[in-house]
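Chains as they are written, first to last, in my numbering: chain D, 6 to 213; chain W, 6 to 213.
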């Protein structure tokens, strides 16, 4: 399954943006709007709560046959039988995660430059999340990556590359000639009133 | 191995108490003073840092053949091949942790009353950490458990019981007639200037 993943429109969750709406409903709307992959990201939350949310989101992604990726927590990914794990540069390294999670699961790694991208590929990453590509408000420690660096990464590695960080309907067209496999979006979907339409629109703008 | 664990003096780590001293050195001193089991507990720390600390502490516990238990993070326990995991009531449930970690590893569960103790045993816990038995300053969400409740738990379950929470050289003698297998200590060891002597003294006072 992991070799046929569609990375086109990759939703990363942030419950803080939902203004009281349920994450399950938001994820379902996003999938109905064209999201092809979902990453559940939670910070500062009890492990039991994270696990319970993961179970609920897994039920939705499974219903629509969309892969579910868990941010950082390999144990939760294993516990809910998610499709993979996404790790940042301050999480466990990909080669260690691979031993825990097995060959069949997806490992995504955040990369901020070509060195990190090449190292992640060497360690067995299945895709890269490169960013922050534009200014981002949802991840404080992210620095910007230029479009040139993104292209350099894309032309160097052979695994799929997804851009992340501040991508919106206003700037998504800037990514169209980079050759990347997809865009990873948080607020441009989840902070929108109409999540389904926002997803549909972003996908259209990226692909057209 | 897990059926021969000595629970007599169980150290739970807290780097915040070390006043600049290294955790590795502190753990080694504690083991030399008689600590029989070590739980690495870290909160609000990056996964990579937690993993790196766990690797270092594992090297020390292995050197002295003392079991190492990881608080909450099953993935880190698996990654460093620790001897087990300790989970609280807001972590993943024991029955789920068991599936991830296998039969050979130790699972400890925090219990605040008889119901939680019985449920943990039912779910496959290998030992219970019961507390907070005395006032504690290191764990904000812990409520006190009476000596009577501790005895009730000890006489009901058949797995080892360790008391935790505010245990010091001043009050440890109150636990001697409860029949529990051990005492779990944080600040009465790690906040002491002479960690080795403090460990030795506590063990002596509990066993004498």
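C-beta atoms are modelled at their ideal positions from N, C-alpha and C, and glycine is treated no differently.
With 9 Å set as the bound, which would you pick, yes or no: does the beta-carbon of residue i sit closer than that to a beta-carbon of chain W?
i: residue 97 of chain D; result: yes
Please list the partners that residue i has in chain D, where partner means a Cβ-to-Cβ separation under 8 Å.
i: residue 105 of chain W; result: 80, 83, 84
i: residue 77 of chain W; result: 52
Since residue i meets chain W, which of its residues come closer than 7 Å, beta carbon to beta carbon?
i: residue 101 of chain D; result: 84
i: residue 56 of chain D; result: 97
Can you name the start and end residues of the beta strand (DSSP E) that residue i belongs to?
i: residue 115 of chain W; result: 111-116
i: residue 76 of chain W; result: 73-76
i: residue 189 of chain W; result: 187-190
i: residue 15 of chain W; result: 14-17
i: residue 79 of chain D; result: Looking at the DSSP string, residue 79 of chain D is not in any beta strand (DSSP E); the run it does join, the alpha helix (DSSP H), is 79-84.
i: residue 132 of chain W; result: 132-136
i: residue 50 of chain D; result: Here residue 50 of chain D belongs to no beta strand (DSSP E), and DSSP marks it neither H nor E.
i: residue 166 of chain D; result: 166-169
i: residue 40 of chain W; result: Note, residue 40 of chain W: premise wrong, no beta strand (DSSP E); not H, not E.
i: residue 92 of chain W; result: 89-92
Could you confirm whether any beta carbon from chain D is found closer than 9 Å to the beta carbon of residue i?
i: residue 92 of chain W; result: yes
9 Å is my cut-off, CB to CB: does residue i come that close to chain A?
i: residue 40 of chain W; result: The structure shown has no chain A; the protein chains it does contain are D and W.
Could you give the residue range of the alpha helix (DSSP H) that holds residue i?
i: residue 31 of chain D; result: 28-37
i: residue 152 of chain W; result: 152-161
i: residue 224 of chain D; result: Chain D is shown only over 6 to 213; residue 224 of chain D falls outside these bounds and no answer can be derived.
i: residue 277 of chain W; result: Residue 277 of chain W falls outside the range modelled here, since chain W spans only 6 to 213, and no answer is possible.
i: residue 120 of chain D; result: 119-127
Would you say the beta carbon of residue i comes nearer than 8 Å to a heavy atom of the ligand PLP?
i: residue 128 of chain D; result: The ligand PLP is absent from the structure shown, which contains no ligand whatsoever.
Would you call the segment 10-17 of chain W and the segment 173-187 of chain W touching, i.e. three or more CB-CB distances under 8 Å? The segment 10-17 of chain W is in contact with the segment 173-187 of chain W.
For the segment 16-29 of chain W against the segment 193-212 of chain D, are there 3 or more C-beta pairs whose distance is under 8 Å? Contact between the segment 16-29 of chain W and the segment 193-212 of chain D is absent, because fewer than three Cβ pairs lie under 8 Å.
Evaluate the contact criterion for the segment 104-113 of chain W versus the segment 63-76 of chain D: three or more CB pairs, one atom per stretch, below 8 Å. Output reads no: the segment 63-76 of chain D does not touch the segment 104-113 of chain W.
Counting beta carbon pairs with one atom in the segment 116-126 of chain D and one in the segment 154-171 of chain D, are three or more of them shorter than 8 Å? Yes, they touch.
Would you check if the segment 120-133 of chain W and the segment 88-103 of chain W touch, i.e. whether three or more CB-CB distances between them fall below 8 Å? Cβ pair count under 8 Å is three or more, so yes.
Count the C-beta pairs between the segment 127-141 of chain D and the segment 167-180 of chain D that are closer than 8 Å, then say yes if the count reaches three, no if not. Inter-segment contact for the segment 127-141 of chain D and the segment 167-180 of chain D is present: three or more beta-carbon pairs are separated by less than 8 Å.
Three CB pairs or more closer than 8 Å across the segment 75-89 of chain D and the segment 58-68 of chain W: The segment 75-89 of chain D, when compared against the segment 58-68 of chain W, does not touch it at the 8 Å Cβ threshold.
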